[in-house]
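Trainee: Pasting a structure here, questions to come.
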Amino acid sequence: MSYNNNLQTIEDRISKVAQKKGRDAADIHLVAVTKTVDVAAMEKLYDLGIRHFGENRADVFTEKVEAFADKSDIVWHFIGSLQTRKVRAILPYTHFLHSLDRKSLADEIEKRATQKVACFLQVNISEEDSKHGFNADEAVAFVKEQDYQHIEIVGLMTMAPNTDDEHTLHHVFQGLKAVQLEIEKLKIPNVPCHELSMGMTNDFEIAIEEGATFIRVGRALVEEN
Ligand SMILES: *Cc1c(COP(=O)(O)O)cnc(C)c1O
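If you're matching positions, the sequence shown starts at 1 in full-length UniProt numbering and goes up one per residue.
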């Protein structure tokens, strides 16, 4: 298996779409989703230059953070559904929380945080029942009503439906972009909302076409092919 080849292929694909859309590839951050691999595999990715790591389970997240305690240049992303009682454990190590999906979670973060926490609001654009998050209207209402001191809403995140239908994928990512622009325009303190976390192995090129600034890629990076 060659992580190097996988990474090269992903970076080439990112550059190609960026060029096609007239975007700067440097504005698109690749978050390596390492939930299916161990620390040894992550060390290989680190040696290849990966600095953004994403995990979706609180216990594994803290274990891996501890394993890399000597690497101060890693940016840690928590991307999974987060139980309120796990907030305290992950907060000190989380550079970006991609899954702020409910008010009770925000309240708990506000209560526990001692400094600003960069969060993406998770928005369920496709409105599938199985997916977490605010719907579009709720997201706008939430940012207008909140007055948190420790939560910075840096952007929005979504998970697209598991489909190969490109039309649907474009539609979902455009939908997230529209909500992001609407919220950004409000210019609410602590709610810059410039970023879009969208796109995974199956759909990151479409997400980049529609404005993704953080893509979360697991399988394309770590699977053998
Ligand atoms: C697993 C996961 C990803 C990565 O998915 P791949 O299809 O492996 O690229 C991205 N985001 C979230 C929230 C995930 O749970």
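Virtual Cβ for every residue (Gly too), placed ideally from N, Cα, C.
Is R216 close to ligand 1? I mean its beta-carbon at under 7 Å from any heavy atom of the ligand.
Mentor: If you number the sequence shown from 1, residue 216 lands on position 216. Checking every heavy atom of ligand 1 against the Cβ of R216, one is found closer than 7 Å.
Trainee: Compare the C-alpha of E86 against each of D38, A113 and D70 and name the closest.
Mentor: As a working mapping, residue 86 is identified with position 86 in the sequence shown. The question names Glu, but residue 86 in the sequence shown is Lys. K86 has its Cα closest to that of A113, out of D38, A113 and D70.
Trainee: Check for me: the beta strand (DSSP E) holding R88 runs from which residue to which?
Mentor: Start at 1 with the first residue of the sequence shown, and residue 88 comes out as number 88. That residue, R88, is in no beta strand (DSSP E); its alpha helix (DSSP H) goes V87 to I90.
Trainee: Straight-line CA distance for E145 to L97?
Mentor: Counted from its first residue, the sequence shown places residue 145 at position 145. Counted from its first residue, the sequence shown places residue 97 at position 97. Cα-Cα distance, rounded: 20 Å.
Trainee: Tell me the DSSP secondary structure of E224 in three-state form.
Mentor: Here residue 224 is taken as the residue at index 224 of the sequence shown, counted from 1. Coil.
Trainee: Using the rule of at least 16 other Cβ atoms within 10 Å of the residue's Cβ for burial, across every protein chain shown, is Q83 buried or exposed?
Mentor: Mapped onto the sequence shown, residue 83 falls at position 83. Exposed, because fewer than 16 other Cβ atoms sit within 10 Å of the Cβ of Q83.
Trainee: Under 6 Å Cβ to Cβ from T34, same chain only, skipping five residues before and after it: list those, please.
Mentor: Position 34 of the sequence shown, counted from the first residue, corresponds to residue 34. Result list for T34: M42 and F53, in chain order.
Trainee: Buried or exposed for H77, going by 16 or more other Cβ atoms inside 10 Å?
Mentor: Sequence index remark: in the sequence shown, residue 77 carries index 77 (1-based). H77 is buried by the Cβ-count criterion.
Trainee: Applying the criterion that 16 or more other CB atoms from any shown protein chain within 10 Å of the CB defines a buried residue, is L186 buried or exposed?
Mentor: Within the sequence shown, numbered from 1, the residue matching residue 186 stands at position 186. L186 should be labelled exposed.
Trainee: Using DSSP with H/G/I as helix, E/B as strand and the rest coil, what is F61?
Mentor: One-based indexing of the sequence shown puts residue 61 at position 61. In the structure shown, F61 sits in a helix (DSSP, three-state: H, G or I).
Trainee: What residue range is occupied by the uninterrupted alpha helix (DSSP H) comprising G175?
Mentor: On the sequence shown, residue 175 is found 175 positions in, with the first residue counted as 1. Element bounds for G175: E166 to L186.
Trainee: What's the C-alpha gap between Q8 and V222?
Mentor: For the purposes of this step, residue 8 is taken as the residue at position 8 of the sequence shown. For the purposes of this step, residue 222 is taken as the residue at position 222 of the sequence shown. Those two C-alpha atoms are separated by around 12 Å.
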